[in-house]
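In my numbering, the protein residues as written are 8 to 354.
Heads up, the thing below is written out as structure tokens.
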Amino acid sequence: MTTLKDETVVVIDHVIGDRGRLAVSLASAEIRLAATDGDRVIVRTPAGRNLPERVVVEPTENGLTIRESEPGLGFGRGRRVVQLEIQAPAQADVTIGTASGWLDAIGLHGDQRYRTVSGDTRLRDVAGAIELSTVSGDAQIDLSGPTDLSLKSVSGDATIRGGRLDALRVGTTSGDVRVDSPLAAATDNTIETLSGDVQLVAMSGMRVEARTVSGDLSTDLPHRSEGRMGRRTLIVGDGSVELAFRSVSGDLRILDGTRSAPTPPAAPAPPEPPFSSDIELADVDPATSSSPDREPAAVPPAASDPFETDRMTILRALERGELDVATAMDRLSALDEAPKPDPEHRR
């Protein structure tokens, strides 16, 4: 069982059952979430602070919701950062959403959904079914068992290690991804990227079906390759694990996991991120207060060439999530294959 700091003060203590539901939806928050062996959710605040009046607590027979009094996760002015330390059953159904701040979760093994904007996310000793969506924030995911992982990242790097992946679905725009966890399932593994690069460790045979515009596919492992530029199949060993890779300009590199260095002794837990000082944010946008040096991904402005303008329109739609990578690639390919008029007629 994981315990939280003694200097915090309990503000909520509610029984939800060992598989109950916890939902937190806050505009600006710093959250530490730890699993326990019990059947209740315990919420503490540092230094005895009360919850802001804008925060609504809704207990039910088998669940607890903590949310903003106004719907949505907008970046409203004058909103103080909400700082929470939460204990919940390890198998609880957990949903956490924040528009700015950071999240540090440890020990959860049930269904988990996390959505963060403008803040880093750290998941430790986790397993189960995990969905993580992050914008302008880095993610560190340390697995401790079989996991079905869905990761979506915009302008943030992600590292996945430990445990095993029974399914992997990754979508990233400009962030790089490193996957050191072995893929256990033969199918249901996909990686889609706009410009982010991916490194993936292979513990056994793998078959990669790749579609790229200008991205590269490489490995130091013995392999054979089929197809042509833009549509390639790379087969390592017996090809027992299938992976679909879709990319505009991002690269995929497959590393040899069997030659990795022996696992070192367990290191001490990394230090907990500090709570920020309790500052009223009347004149500060919470979207930038937690990560002042981070800037959202940006697509270069369109050139005057109409074909380049069309290309930028497709890329912007992909970045906004209006298109998936496969559809964007089809449109980019069709644009590249379309006949180009004589330059004199473009004027």
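All residues carry an ideal CB built from backbone N, CA and C; glycine is no exception.
If you're wondering where the values come from, they're calculated on a predicted model, not measured in any experiment.
In the DSSP assignment, S32 falls within the unbroken beta strand (DSSP E) covering 28-43. In this structure, I148 and V133 form a Cβ contact; the two beta carbons are roughly 7 angstroms apart against a cut-off of 8 angstroms. Beta-bridge annotation (DSSP): V89 is paired with A36. From the listed residues V184, T194, E37, the smallest Cα separation to L201 is found for V184.
In the three-state scheme derived from DSSP, where H, G and I count as helix and E and B as strand, I23 is classed as coil. For the pair of segments examined, the region 203-222 was found to touch the region 244-258: the number of CB pairs separated by less than 8 angstroms reaches three. In the pairwise beta carbon analysis, the region 31-41 is classified as touching the region 86-102: at least three pairs are separated by under 8 angstroms.
If the five residues before and after P281 are omitted, its C-beta is found closer than 6 angstroms to no C-beta atom of its own chain. With a beta-carbon spacing of about 5 angstroms, D145 and G163 fall inside the 8 angstroms limit used to define contacts. Taking C-alpha positions only, P229 is separated from V50 by approximately 52 angstroms.
For D223, the secondary structure class from DSSP, reduced to helix, strand or coil, is coil. When only Cα atoms are considered, N57 and V18 end up about 7 angstroms apart. Of G55, Y121, D46, the smallest CA-CA separation from N69 is found for D46. Here the C-alpha atom of R131 lies approximately 31 angstroms from the C-alpha atom of S256. The criterion of a C-beta distance shorter than 8 angstroms is satisfied by R74 and S32.
Straight-line measurement puts the Cα of H21 at about 7 angstroms from the Cα of P66.
Collapsing the DSSP output to three states places D317 in a helix. For E233, the CB contacts under 6 angstroms within the same chain, skipping 5 residues up- and downstream, are T240 in chain order. Of the other Cβ atoms in all chains shown, 16 or more fall within 10 Å of the Cβ of R218; this residue is therefore buried. Contact between S107 and V124 holds, with the beta-carbon distance rounding to 6 angstroms and staying under 8 angstroms. Annotation: the continuous beta strand (DSSP E) that includes E65 extends over 62-67.
Taking F252 as the centre and dropping the five residues before and after it, the same chain places the C-beta of I198, V215, A217, L259 closer than 6 angstroms to its C-beta, in chain order. Judged by their CB atoms, L150 and Y121 are not nearer to each other than the 8 angstroms cut-off. S254 places its beta carbon less than 8 angstroms from that of G222. In this structure G126 is in contact with T105, their Cβ atoms being roughly 6 angstroms apart against a cut-off of 8 angstroms. Taking all protein chains shown into account, R238 has fewer than 16 neighbouring C-beta atoms within 10 Å of its C-beta and is therefore exposed. Sequence-distant Cβ neighbours of P59 in its own chain, meaning closer than 7 angstroms and more than five residues away, are R87, V89. Bridge partners of T123 according to DSSP: T105, T141.
In summary, G170 is buried, with 16 or more beta-carbon neighbours lying within 10 Å of its beta-carbon over all protein chains present.
In this structure, the alpha-carbon of V205 lies about 9 angstroms from that of I261.
A112 has L40, L130 as its beta-bridge partners, per DSSP.
Per DSSP, the beta-bridge partners of M213 are V243, V248.
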